[in-house]
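When you number the sequence shown by my numbering, it's gap-free, plus one each residue, and the end is 253.
In what follows, a single structure is set out as structure tokens and then discussed.
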Amino acid sequence: MAPFRYTCWLWIGVIMTNAQFLYRVFYLLCSACGVFISPFFYAFHLIDVVLSFPMLKAILQSVTHNLQQLILTIMMMLVVVYLYAVLAFNFFRKFYVQEGEDGEEPDRKCHNMLTCFIYHFYAGVRAGGGIGDELEPPYGDELEYPRMFYDISFFLFVIIILLAIMQGLIIDAFGELRDQQESATEKLESSCFICDIGKETFDRMPRGFEIHVTKEHNFANYLFFLQHLVNKDETEYTGQETYVREKYDNR
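Next comes the structure, spelled out in structure tokens:
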């Protein structure tokens, strides 16, 4: 019973962590919602167009390639923005109050820590110059110079450094994936994947490089043979199959 239960949980784990499977489920749910709820859900099917082009797919992969670093950077940004919200709540709260018109209640954007943090993260991070662009200028106020230092430091740490780190991670990942793809393509076009002999060597022979990689060392044939070994019972292996499987397992 235990091995069966373990196998079931193993398959569930494999399926639920398979990006292709999850994408197909999402695609199916959007189709069902489009039929029974609203045709607007069909708009999500346009994602399939993006995945049909390798270059556009590489752009999406550039976001997920360094996903852990991106998540950690976002967490660090949340911490930094929260610290600035604490400072604003305790020392600069009066700058976050905008008087209402025609007897309306004043707009208080920092009357408690939650609204103060949300406002800093929503408005401050999106603003090109940081939170200072969203507040009244401090000119003539007794806290003029501390407010200036506060605005400039927020701009430097959050806008210049942290956002630049996030953009750099995505751009570097895209460049790395592009270089890997170009390197793999160049490798396949200049040498045999199986024996690693260069194209120029085969071009000096009568049959040539193309005949070698399509007939003599066809990659698909070797892949089929490996899949055959994976599916075949090890007790039924021949001597050659046992040797190849050991080499494959110890690669």
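All C-beta atoms, glycine included, are put in the ideal place defined by N, C-alpha and C.
Note that this is a predicted model, so its numbers are computed, not measured.
Buried versus exposed call for residue i [16 or more other C-beta atoms within 10 Å across all chains shown]
i, result
"M3", "Confidence is the limiting factor: at M3 the pLDDT is only 48, short of 50, which leaves the residue's position unreliable and the question unanswerable from this model."
"I73", "exposed"
"F130", "Just to set this straight, residue 130 is Gly in the shown sequence, not Phe. It is exposed - the Cβ of G130 has fewer than 16 other Cβ atoms within 10 Å."
"A21", "exposed"
"L137", "buried"
"C197", "exposed"
"M78", "exposed"
"G200", "exposed"
"G170", "exposed"
"I161", "buried"
"K111", "buried"
"A254", "Examination of residue 254 is not possible in this model, given that the chain is present from 3 through 253 alone."
"F97", "buried"
"G142", "exposed"
"F204", "buried"
Residue i versus residue j - alpha carbon distance
i, j, result
"S193", "T9", "41 Å"
"I172", "N68", "7 Å"
"F94", "L165", "24 Å"
"V81", "C32", "36 Å"
"E144", "I133", "19 Å"
"I61", "L30", "24 Å"
"L179", "A186", "11 Å"
"G241", "F221", "22 Å"
"L12", "T19", "11 Å"
"L116", "V99", "15 Å"
"E202", "E191", "11 Å"
"F2", "P148", "Outside the shown range of the chain (3 to 253) lies residue 2, about which nothing can therefore be said."
"N223", "M57", "28 Å"
"E184", "V65", "19 Å"
"I14", "R209", "49 Å"
"I39", "M168", "37 Å"
"N252", "F195", "19 Å"
"V16", "A125", "40 Å"
Residues bridged to residue i [DSSP beta-bridge criterion]
i, result
"V81", "None; V81 has no bridge partner."
"V246", "Beta-bridge pairing links V246 to no other residue."
Closer than 6 Å: residue i CB and nearest the ligand MG heavy atom
i, result
"L116", "Absence of the ligand MG is noted for the structure shown, with no ligands found whatsoever."
In chain order, what are the residue ranges of uninterrupted alpha helix (DSSP H) at least 4 long that sit wholly in the region 10-64? Listed in chain order, they are 21-38, 49-53.
Is the number of C-beta pairs between the region 225-234 and the region 201-215 that are closer than 8 Å three or more? No: the two stretches stay apart, fewer than three of their Cβ pairs being nearer than 8 Å.
Any chance the region 139-153 sits against the region 42-56, with 3 or more Cβ pairs inside 8 Å? Contact between the region 139-153 and the region 42-56 is absent, because fewer than three Cβ pairs lie under 8 Å.
Would you check if there are 3 or more beta carbon pairs closer than 8 Å linking the region 80-90 to the region 111-124? Between the region 80-90 and the region 111-124 there are three or more inter-stretch CB-CB distances shorter than 8 Å, so the stretches are counted as touching.
Any alpha helix (DSSP H) of 4 or more consecutive residues that is wholly inside the region 177-242: DSSP runs (the alpha helix (DSSP H)) wholly in the region 177-242: 201-205, 210-213, 221-233.
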